[in-house]
Every structure is written in C-alpha cells, then in structure tokens.
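S.K.: Following my numbering, the numbering of the sequence shown begins with 2 at its first residue and continues without gaps.
No residue lacks a Cβ here, since even glycine has one placed at the ideal position from N, Cα and C.
Treat the numbers as computed from the prediction; the structure is a model and nothing was measured.
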Amino acid sequence: MASRSAGCGDVMRFVLRQSPSNTYFEETLDNDLLESFLKLDDIPISGNYINLYEILNSCLKECDKIIEDISTYNTGASHLVKKGITCVDDDIIQNEVLREMSTYIERIKRYYDISLKLNSILSPLLWELCSGPLPPNDQLKKLASLSYQFIKILCFALQFDAIKLATPSIQNDLSLYRRIISRSPFSDAKLILNLETANNVCLFLAVSSPMFTSIVSGTLAFVTSHNDLPIDNTTSTLSSIVHICHGMLLYLTEESKPNLEQINFYATSLVGSLLLYDHIHENGAFIKTSHINIKSILELLHSNLLQDDKKTFLLNTIRYNSKHLKDDKTSKSIRLLIS
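Given below as structure tokens:
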C-alpha cells in the first residue's frame, strides 16, 4: 500500500472523535501502528519471517484466483444435474454425467483445498502475531506485512462466503457427484474426490459461511494447541486488528478522492476481524466492557460510506455470523443497530 499524504495523527483524531469515551482506543491505537499500515511497501520483511510471508503470499494469490473462479460458477453443471436425476437407474448415462461434470468438481475441490491450506497456515501466522515477545500492538507494528496478510485472509473469507451463498449450484453439483459415486464401484484413482473426501467437502459447504467457519476453527485450534499462551494475547491481538481496520477505514473516508476498493476492503476486513474476535473472546464483541467500540463501528457501517448493497451485506454478515449478538448482555441499542 502506498504512503498517503495525511499523517497518522489525523487517523488518530478520526478514531478518537468517533469514540471520545473509549479509553481503550486512547491507550492502544497509537500513531506508529497505523503508520506502519500506511507504508507497507516501505517496510522490509525480516529474514526470520520471509518464509512464512512467501507461503502466505502464494496462498493469497490462490485466494484471488478462487474469488475470480467462484464468481463465474453461476449455474454450474445444472444441465447435468437434471440429466443425472432423470436417468438415475441408467449406469451408462450416470457415468457420462460423472465424466462431464469433472470440471466443476475440480473447481469445488479447489475451494475446499484453499480452506484446508488457510486453516493450516493460521497456526504459525497467529503464533508470530500473538506470542510476542512484544506487546500486541508493538508486535503487529513490527510484523505489519504479516498482519496485513491476516487481514486479507479475513476479507477473502467473507467475500467467498457471500458468493457461495448466492451460488446454490455448487452444493447441487457436489450432491449429485456424491450420489453417483456412492452407488457405483469406482477406483479412487479415477475420481477427483473419493467418497470420504466428497463427504467432507459436503460438510464444509453445508454451513452458510464455510470459509469463515474454517478460519474460526483454525483460530480455536491455535488457542487450544497453545494452552501455555494466555488467551488474552490472542484476543488483544484480534481487537487491535479490529482497531486498525476501523482506523484505516475512517482515514480513507477523509481523503479528497476516496478509494472505493480500499474502503470496501477495510470495511469487509473490519467485519471479519470483529466477528472472529466475537467467536474467540469468552464474552464476545457486543458487551459494554468489550475492548471494541462496537457502537462506533456499527454507526459507521450504517453511514453513507458504503453503497447500499455492500452495507446490507456487511450488516447481514454480522447478524447471521456473530456468536454473542443475541446474548442477554448485549444492549438493546446495539441490537437495534443490527436489526
């Protein structure tokens, strides 16, 4: 990201103006932290982290390709699904359908594979971001490039899930594929997905937000497998990432020529990091004592900053993917901002 004309002191003023009573912001969102995200191109990658950075970079390039691919999936193999259902007892036709729909199953396999890859890379990434030795904000500042990659993963997850939700043909195609291979003896070597893997992919796609669910699962696995690391390290890091996305979004709105692509990116990442925090923190993101200024964030999402379709998408994402929104401790005013 290129350096911008305004200083981070301006960003800080935007954030503090939005949340004058939230002392946590004053204590944690320092100028240098945001400055590191304004000047990512100028920050060299330390040799200690270059391998992880390159793995993540390769993974994120694949994520970009996945978004392009799923965006064009459309009706998929619907014509083959109809053929397969109407000729369910004709083995010859069933084999023809299986062969012809292989291209679509290969695409679905790529979606599943990237979820596994992201899930596995989360643990080493979160370890670097959350384990110190520096305090959370200083660690994020030191590893700004890795932090930004984590933010991009969250953005990708929400983007993927939104497109998948609007593309029911993906699950329909996989369901027919699984039905065909479960009824006939096939060598695993001849199948794009064997029956066991096809079942796993079906479970992956069965939830409304599969990619975000995978990110939550990977983060919880990290917390569980590192029980010697205080969970506060992880939740404090996540809350700081929320603050960064919030601060960057506020900064972008004050530019003379707002960059809509960057605004959409940080708005989506803000919601993704907010929801991840809500799933990982014991009490979630919506209580009054939360380290996240949830009211300010929701008011920002309700503002004219975003186009109506993007605004609706992000608010619905919070509504249907939060863990603690409906808790008794969530105030009525916050619930009204989501309703």
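Does the count of Cβ pairs from the segment 99–114 and the segment 54–74 closer than 8 angstroms reach three?
M.R.: yes
S.K.: Output yes or no for whether 9 angstroms exceeds the beta carbon distance between GLU107 and TYR50.
M.R.: No.
S.K.: Are ILE245 and LEU123 closer than 9 angstroms when you measure CB to CB?
M.R.: no
S.K.: What would DSSP say about LEU307, mapped onto helix, strand or coil?
M.R.: coil
S.K.: So LEU53 and LEU126 are supposed to be a Cβ contact under 8 angstroms. How far apart are they, rounded?
M.R.: 7 angstroms
S.K.: Please report the straight-line C-alpha distance between THR29 and THR220, rounded to a whole angstrom.
M.R.: Its pLDDT being 46, under 50, THR29 is placed unreliably by the model, and the measurement read from it follows with that caveat. Taking the straight line joining both Cα atoms gives about 23 angstroms.
S.K.: May I have a chain-ordered list of the alpha helix (DSSP H) segments no shorter than 4 residues that lie completely inside the segment 160–196?
M.R.: 170–184
S.K.: Would you say ILE264 and LEU306 are within 9 angstroms of each other, going by their C-beta atoms?
M.R.: yes
S.K.: Within its chain, find whatever has a CB closer than 8 angstroms to the CB of CYS156; leave out the 5 residues flanking it on each side and keep chain order.
M.R.: PHE266, THR269, SER270, GLY273
S.K.: Give me the Cα-Cα distance between GLY8 and TYR178, rounded to the nearest whole angstrom.
M.R.: Below a pLDDT of 50, predicted positions are generally treated as unreliable, and GLY8, at 48, falls in that range; the measurement from the model is reported next regardless. Going from the Cα of GLY8 to the Cα of TYR178 covers about 55 angstroms.
S.K.: For ARG14 and TYR278, what's the separation of their Cα atoms in angstroms?
M.R.: Confidence at ARG14 is low in this model, with a pLDDT of 39, below 50, so the placement of that residue should be treated as unreliable; the coordinate-derived value is given next. ARG14 and TYR278: Cα-Cα distance of roughly 24 angstroms.
S.K.: Look at the Cβ atom of ILE293, then the Cβ atom of LEU275, and state whether they are nearer than 9 angstroms.
M.R.: yes
S.K.: Go ahead and label ALA167 buried or exposed: buried means 16 or more other beta carbons lie within 10 angstroms of its beta carbon, across all protein chains shown.
M.R.: Exposed: under 16 other Cβ atoms inside 10 Å.
S.K.: So that I know if they touch, is there some Cβ in chain C lying closer than 9 angstroms to that of ASN305?
M.R.: You won't find chain C in this structure, because it holds only one protein chain.
S.K.: Pick from ALA286, PHE314, GLU300, LEU301: whose alpha carbon is nearest that of LYS327?
M.R.: ALA286
S.K.: Per DSSP, what kind of secondary structure is PHE314 in: helix, strand or coil?
M.R.: It is helical.
S.K.: Report yes or no: do three or more beta-carbon pairs, one from the segment 98–105 and one from the segment 139–146, lie closer than 8 angstroms?
M.R.: no
S.K.: Of all the options ASN260, GLN172, THR238, ALA145, which has the alpha carbon lying nearest to the alpha carbon of GLU36?
M.R.: ALA145
S.K.: What is the DSSP secondary structure of TYR50, counted as helix, strand or coil?
M.R.: coil
S.K.: Assign PRO45 to buried or exposed, taking buried as 16 or more other Cβ atoms, counted over all protein chains shown, within 10 Å of its Cβ.
M.R.: exposed
S.K.: Here's a check: name, in chain order, each residue in its chain whose Cβ is nearer than 7 angstroms to the Cβ of ILE67, leaving out the five neighbours to either side.
M.R.: ARG111, TYR112, ILE115, PHE161
S.K.: Distance check for ASN173 and TYR25, CA to CA, integer angstroms please.
M.R.: Confidence is the limiting factor: at TYR25 the pLDDT is only 37, short of 50, which leaves the residue's position unreliable and the question unanswerable from this model.
S.K.: Taking a contact to mean a Cβ-Cβ separation below 9 angstroms, would you say ILE94 touches LYS84 in this structure?
M.R.: yes
S.K.: The alpha helix (DSSP H) spanning ASN138 covers which residue range?
M.R.: 137–143
S.K.: Once DSSP output is grouped into helix, strand and coil, what is the label at HIS65?
M.R.: The identity of residue 65 in the sequence shown is Asp, whereas the question assumes His. ASP65: helix per DSSP, three-state reduction.
S.K.: Going by C-alpha to C-alpha distance, which of GLU262, SER241, LYS165 sits closest to GLY77?
M.R.: LYS165
S.K.: Near THR331, what residues of its chain come up, given a Cβ to Cβ distance below 6 angstroms and the 5 sequence neighbours on each side ignored?
M.R.: PHE287
S.K.: According to DSSP, is THR24 part of a helix, a strand, or is it coil?
M.R.: With a pLDDT of 37 at THR24, under the threshold of 50, the modelled position of this residue cannot be trusted; read the value that follows with caution. Looking at THR24 - three-state DSSP - the assignment turns out to be helix.
S.K.: Please report how far the alpha carbon of ALA222 lies from the alpha carbon of ASN228, in whole angstroms.
M.R.: 10 angstroms
S.K.: For LEU135, count the other beta carbons within 10 Å of its own beta carbon; 16 or more makes it buried, fewer makes it exposed. Which is it?
M.R.: It counts as exposed.
S.K.: Of the residues LEU230, LEU253, ILE154, which one's Cα is nearest the Cα of SER59?
M.R.: ILE154
S.K.: Check for me: the alpha helix (DSSP H) holding TYR74 runs from which residue to which?
M.R.: Element bounds for TYR74: n/a, residue is neither H nor E.
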